[in-house]
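Numbering (the UniProt record's numbering), first residue to last: 1 to 973. The beta carbon of each residue, even a glycine, is placed where N, CA and C say it ideally should be. Each remark here refers to the structure printed beneath this line.
This is the structure:
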């Protein structure tokens, strides 16, 4: 159908039509006549359809009301009157994305699906959730998702509990989070950005139920909404659905959600903050510094892109001059940068981690002096070309991993639309690129640096320093505060709180009625594909080297993976495989110093990465194949250059550059320390698997906490000659033609081109005899308690069910869905207050349950230990079972991007996982029934009885439960 500007379609007036050539789409801008709701459709042939509704939600305090509301509206609504329609959708939808997100000034509710029926179902549930939530009917929703006083007996101490409360306690456990929380306070003090939209745990309990409801009444109205549609769905049908089912019932409302701009500063603001470390910790090397500059307006399409490039140029590239200057000046071990362009006035941050105290002035001086030097001497044009090429490659590739394209486009649209700018400006990037590319011949970036950094007083210098015992002091203060609150209450008030907790538990423990559950729209088994997807893979050979060719259209981009077998590395040198992966490409070669090398890589490729990786053998139980994977992506026209660069890196890297290697080790250590708080669940379950079987033990050495400990030892007891010698030995035995397997993804023409140039590459590779080792690891119940200054826990328990005598069955994937959205969800998240919990049963026998940002330990372990009882007595009617099956198939049928399609096919090949096996697993999921699920009870019972346990979290909390562990030790060294 032809749409005409000015016409009204199902209540929506068409304001503008625009060709979006950069993303191969057409954009439509509508305004809803009755309510003033704004709607955008990006139409194209993408079948992964996206719907989202967002609201401008500026906070006015630190109670986290936007975040709590985001959680709460998904806990039942007018039409879908169950406790958690969100979870019901996760159980039984074919969605490719389903979530909600709180930003500093907006809250969005995006969904995506490739199935039309499912797409409209999701749209229906989400619109009803945000416009007609059950929060007005059940205060318990606010208590569960936000916060409440938790007490079961009048003699017990008062506590705080709540999902968001615990989530944010976890979030603000890390120094990185505390720093990023503090920066907006310093540069936007008079705006909504000065407050934490997620909520500060110290302030969340200040939020009242009435204030919570008032926030929804004020902002969650169509007149304040930004509705987005994407993909190949019928636009008229979408507009009709939204208008007829929802918007027609509302009237226009004047809503003041205006976001104030911060008036420019006359001089830089300097602020100091503190975070807690243990009394026994050293204060050295634990400070953080950031310089922060406010940069124009988000609606400025040119600055928006220019500062993405400048961020990469100055701080993210290996050749980044500002990063290099700060590292060489000895200010911190890790330097990074952040350009925050998803707020009204974007900011640019220069950040240094793991520095000594009292270096504020030196940090500022080195930063400013380096920027002035770049202005005076000019920026290396090759570095500019490399940085522009890298950002342009990412834009044109349009690969956003697990995020649907439509969602990423919505976020880019909102970066202008929300602030009254033209919605599509950040998608029409060619014009901005043209301007940015003038930097290749003019002083474009030098002028930006001078204007927005050197001559910009709207800035701040923020420092974050460790303080011994601060967390203990705060925890003691919290306990005293709660004690005083309880003392101020009379018996009736305490009894009222106890009764409120009982009501909450009663609601949590009362299953939804079958009638209520039937209101949630569901698909049937007819809506799913009964056949597993066949991924392209053809075995070929070049000069005796096996190639796995995955032929499909990649828009002239070649995706290449070199898998080098690492069994030729001695067992004691295994961690050096991971270290080599961290060093390659970051130190110089025979041809280039490391800065020039980085430029060459970025000019010719979309990136080269190096990772240790393992594949379990499904044909020979207990066996696994370890590799060093070298991956790159580049345009077909750049294959020759890329292979020449790669040869130089793999064979000629300068592993004698001791100073550079020391820098890389210190930086990697600092980055891993920063990730520990956010990835505690990964640390915990990797530890558990390392106790149980050899692949788990190997993975722990190259990518778990053991690798971090290896780096700490190297950093603190640095022996450059020894490290260099070991790296050379590892490099020499790995990069051998006889170790190599190749995965190549692109069409036949691109493959022929690759073959032509790889022939030359392969002839240069060493081709000597390989000696392979058989590794032996100590496997035992280490059961460790890993102590941090965090405020929450990550609790994991598991093992290897094959060692208990069980085989893999496809329906174990179905069991993960059932546990994740029923038993574990209800017991650990809903009742326990943890932010998340999930289980995993791998084909090789490795299995675990793990919680995320969990206030508990013992209670969570008890839930895990009782899992088999739940499974043995599992009940579900046909409709519920069908939903679980569909929800499981959804996980298997997620859209696969070009960059990972070949990776998945190769992983299946190396594990011995055939299409026939995948089809059998799929049929086992589809045909599963109650008997099937109950049959897994002995497996899970024996798995839990294996008693492999690891918990990472609050030092005092773990020590209180020390009887559960064989060993306690501090994680951060």
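To which residues does DSSP link residue i through a beta bridge?
i: residue 540; result: 547
i: residue 797; result: 849 and 949
i: residue 349; result: 292 and 338
i: residue 38; result: 31 and 226
i: residue 273; result: 464
i: residue 102; result: 107
i: residue 788; result: 954
i: residue 836; result: 852
i: residue 56; result: 106
i: residue 12; result: 9 and 32
i: residue 867; result: Partner(s): none; residue 867 has no beta bridge.
i: residue 160; result: 149
How would you call residue i, buried or exposed, if buried means at least 16 neighbouring beta carbons within 10 angstroms?
i: residue 638; result: buried
i: residue 8; result: exposed
i: residue 609; result: exposed
i: residue 144; result: buried
i: residue 550; result: buried
i: residue 1029; result: This structure gives no information on residue 1029, because the portion of the chain shown stretches from 1 to 973.
i: residue 38; result: buried
i: residue 236; result: exposed
i: residue 357; result: exposed
i: residue 412; result: buried
i: residue 579; result: buried
i: residue 749; result: exposed
i: residue 401; result: exposed
i: residue 440; result: exposed
i: residue 860; result: buried
i: residue 420; result: exposed
i: residue 769; result: exposed
i: residue 805; result: exposed
Can you determine whether any heavy atom of the ligand GDP sits closer than 7 angstroms to the C-beta of residue i, and answer yes or no?
i: residue 385; result: You won't find the ligand GDP in this model; it holds no ligand whatsoever.
Assuming the contact rule is C-beta atoms closer than 8 angstroms, residue i and residue j should be a hit. Round their C-beta distance to whole Å, please.
i: residue 94; j: residue 523; result: 6 angstroms
i: residue 251; j: residue 35; result: 7 angstroms
i: residue 661; j: residue 583; result: 6 angstroms
i: residue 704; j: residue 734; result: Not confirmed; about 21 angstroms, so no contact.
i: residue 851; j: residue 795; result: 5 angstroms
i: residue 67; j: residue 170; result: Between residue 170 and residue 67 the Cβ distance is about 13 angstroms, and since that is not below 8 angstroms, they are no contact.
i: residue 98; j: residue 69; result: About 18 angstroms; that fails the 8 angstroms criterion.
i: residue 56; j: residue 418; result: 6 angstroms
With 8 angstroms set as the bound, which would you pick, yes or no: does the beta-carbon of residue i sit closer than that to a beta-carbon of chain C?
i: residue 576; result: Absent from the structure: chain C. Only one protein chain is present.
Less than 7 angstroms between C-beta atoms, sequence neighbours within five positions excluded: which residues of the same chain meet that for residue i?
i: residue 497; result: 149 and 151
i: residue 397; result: 557 and 606
i: residue 576; result: 726, 727 and 730
i: residue 284; result: 356
Starting from the C-beta of residue i, find all residues in its chain whose C-beta is less than 8 angstroms away, skip the five residues before and the five after it, and write them out in chain order.
i: residue 178; result: 172, 273, 275 and 464
i: residue 780; result: 691
i: residue 531; result: 919 and 922
i: residue 858; result: 961 and 964
i: residue 153; result: 498
i: residue 999; result: An answer regarding residue 999 cannot be provided, because it is not within the stretch 1 to 973 covered by the chain.
i: residue 826; result: 508
Please go through the same chain and pick out, in chain order, the residues whose beta-carbon is closer than 6 angstroms to the beta-carbon of residue i, but skip the five residues on each side of it.
i: residue 897; result: 399
i: residue 188; result: 194 and 262
i: residue 386; result: 599, 602 and 603
i: residue 319; result: 383, 595, 598 and 599
i: residue 469; result: 279
i: residue 350; result: 291, 337 and 367
i: residue 955; result: 787
Quiz item: Does the region 554-570 come within contact of the region 615-633, defined as at least 3 CB pairs closer than 8 angstroms?
Solution: Result yes; three or more Cβ-Cβ pairs closer than 8 angstroms.
Practice problem: Taking 8 angstroms as the threshold, find out whether the region 194-205 comes into contact with the region 25-44 through three or more Cβ pairs. | Solution: Cβ pair count under 8 angstroms is below three, so no.
Quiz item: How do the region 337-350 and the region 604-623 stand: do at least 3 beta-carbon pairs fall below 8 angstroms, yes or no?
Solution: no
Quiz item: At a cut of 8 angstroms, does the region 81-91 reach the region 819-829 through at least three beta carbon pairs?
Solution: yes
Quiz item: Contact between the region 293-313 and the region 451-463: three or more CB pairs below 8 angstroms?
Solution: yes
Practice problem: Would you check if the region 239-249 and the region 430-439 touch, i.e. whether three or more CB-CB distances between them fall below 8 angstroms? | Solution: no
Quiz item: How do the region 718-725 and the region 879-891 stand: do at least 3 beta-carbon pairs fall below 8 angstroms, yes or no?
Solution: no
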